[in-house]
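So the structure is just underneath, and the comments pick up after that.
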Amino acid sequence: QKSLEGEGAKSTVESSNISESSPEHPDQVTIPTANNVTADEEQDDEAPIWVPKPGRFENVSVIRANAMKFLPNFFKKSQLSKMFFLFPDPHFKARKHKARIISPTLLSEYAYVLKPNGIIYTITDVKDLNIWMVKHLTEHPLFKPIRVEQLIQADPLEDQLIKSIYNLTEEGKKVTRNKGDKFLAVFRRISEEEEQLLLIS
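So this is what it looks like as structure tokens:
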């Protein structure tokens, strides 16, 4: 099993399950967080949230915890290279918007655990939620939008990763079956140099 501190290893964390793509990225450690456990699972602390397959997914670990509450307890500053928020709960009612996984306060925590130039990927089938996430990410001083074409140009492997984001999760497959829309947004955590300029400006 690869250590999160392993030499050359890159760590990613996700709030959904894109771990099926982990064999395609053997130099990266993928860590899904199980935010939405069912009532039955709540009653059974021993209920497995993920079952490994022998010979596969050796670069995957699973954390059963609420990333919105405990993320800094599991990761140190600048430890993660990527974060994925895949079809998160839209919390439609206005009074529940504060519970959305993308918010100004939480974005500051995500910026803390992301490496400089680390990437946040968000995808949803709810247009209003996409607008909300893009708005808050754009307004946060530590994040800048980045076009998918730029990512793929810098790293051709991003092409397959983006396809996985669209199609590999159960929720993504459900949206495809229902012929729904999917809204993707990608943001880059600013570099150390950009952050220093921000502090002195």
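Per the UniProt record's numbering, the very first residue in the sequence shown carries number 1; after that it's consecutive.
Note that beta-carbon positions come from the ideal geometry of N, C-alpha and C, so glycine has one too.
Query raised in the report: Between the stretch 109 to 125 and the stretch 77 to 85, do at least 3 Cβ pairs fall closer than 8 Å?
Result: yes
Query - CB-CB length for Ile102 against Met133, believed under 8 Å - result: Within the sequence shown, numbered from 1, the residue matching residue 102 stands at position 102. Within the sequence shown, numbered from 1, the residue matching residue 133 stands at position 133. Going by Cβ atoms, the distance from Ile102 to Met133 rounds to 4 Å, so yes, they are a contact pair.
Report task. If I'm right that Val126 touches Val186 with Cβ under 8 Å, what's the distance once you round it to whole angstroms? Result -> Taking the sequence shown and counting its residues from 1, one reaches residue 126 at position 126. Taking the sequence shown and counting its residues from 1, one reaches residue 186 at position 186. With a Cβ gap of about 17 Å, Val126 and Val186 do not count as contacting.
**Report entry** Where the beta strand (DSSP E) containing Ser191 begins and where it ends
**Finding:** Taking the first residue of the sequence shown as 1, we reach residue 191 at position 191. Ser191 -> no beta strand (DSSP E), and no H or E assigned at all.
Query raised in the report: From this set, Leu129, Arg189, Phe85, Ile146, which residue's C-alpha is nearest Lys93's C-alpha?
Result: What you label residue 93 is simply residue 93 of the sequence shown in a count that begins at 1. When each option's Cα is compared against that of Lys93, the closest is Leu129.
Query raised in the report: By Cβ distance, which residues of its chain are closer than 8 Å to Leu137, with the 5 residues on each side in sequence left out?
Result: Position 137 of the sequence shown holds residue 137. Counting only Cβ-Cβ distances below 8 Å, and skipping sequence neighbours, we find Ile102, Leu107, Ile120, Thr122, Phe143, Pro145, Ala185, Phe187.
Query - Helix, strand or coil at Gly172 according to DSSP, with G and I counted as helix - result: Looking up residue 172 in the sequence shown gives position 172. Looking at Gly172 - three-state DSSP - the assignment turns out to be helix.
Report task. Note down, in chain order, each residue of its chain lying with its Cβ closer than 7 Å to the Cβ of Pro104, except the 5 sequence neighbours on either side. Result -> As a first step, residue 104 is located in the sequence shown; it is residue number 104 there, counting from the start. Taken in chain order, the residues that qualify are His136, His140.
Report task. Have a look at Lys69, Lys182, Lys173, Phe74 and flag the residue whose alpha-carbon is nearest the alpha-carbon of Ser61. Result -> Mapped onto the sequence shown, residue 61 falls at position 61. Per the Cα distances, Phe74.
Query raised in the report: Shortest alpha-carbon distance to Phe85 belongs to which of Thr176, Arg100, Leu157?
Result: In the sequence shown, counting from the first residue as 1, residue 85 sits at position 85. For Phe85, the nearest C-alpha among the options comes from Arg100.
Requested in this report: Can you tell me which of the three DSSP states Pro72 falls into?
Outcome: Reading the sequence shown from its first residue, position 72 is the one you call residue 72. Three-state DSSP puts Pro72 in a helix.
Query raised in the report: According to DSSP, is Ile102 helix, strand or coil?
Result: The residue labelled residue 102 in the question sits at position 102 within the sequence shown. Ile102: coil per DSSP, three-state reduction.
Query - Where Asn178 sits in the DSSP three-state scheme - result: Translated into the one-based positions of the sequence shown, residue 178 becomes position 178. In this structure, Asn178 counts as coil in the three-state DSSP scheme.
Query - Coil, strand or helix - Leu142 by DSSP - result: What you label residue 142 is simply residue 142 of the sequence shown in a count that begins at 1. Looking at Leu142 - three-state DSSP - the assignment turns out to be coil, as it is neither helix nor strand.
**Report entry** Per-residue burial, Ala39 [other beta carbons within 10 Å of its own, 16 or more giving buried]
**Finding:** Working through the sequence shown from its first residue, we reach residue 39 at position 39. The pLDDT assigned to Ala39 is 36, lower than 50, so where the model puts this residue is not dependable; a value taken from the coordinates is nonetheless given after this. With fewer than 16 Cβ atoms within 10 Å of its Cβ, Ala39 is classed as exposed.
Query raised in the report: So the alpha helix (DSSP H) Asn117 belongs to, where does it begin and stop?
Result: Taking the first residue of the sequence shown as position 1, residue 117 is located at position 117. Here Asn117 belongs to no alpha helix (DSSP H); instead the beta strand (DSSP E) covers 114 to 124.
**Report entry** Residues near Ala111 by beta carbon distance below 6 Å, same chain, minus five either side
**Finding:** By one-based count along the sequence shown, residue 111 stands at place 111. Leu142, Arg189, listed in sequence order.
Query raised in the report: Among the residues of its own chain, which have a CB less than 8 Å from the CB of Lys173, if the five just before and after it don't count?
Result: Walking along the sequence shown from the start, residue 173 turns up at place 173. Asn167, listed in sequence order.
Report task. Check the DSSP bridge columns for Phe183 and list the partner residues they point to. Result -> Numbered from 1 along the sequence shown, position 183 holds the residue referred to as residue 183. According to DSSP, which records beta bridges pairwise, Phe183 is partnered with Thr124.
Requested in this report: Taking all protein chains shown into account, decide if Thr169 is buried (16 or more other Cβ within 10 angstroms of its Cβ) or exposed.
Outcome: Position 169 of the sequence shown, counting from 1, holds the residue named residue 169. Thr169 comes out buried.
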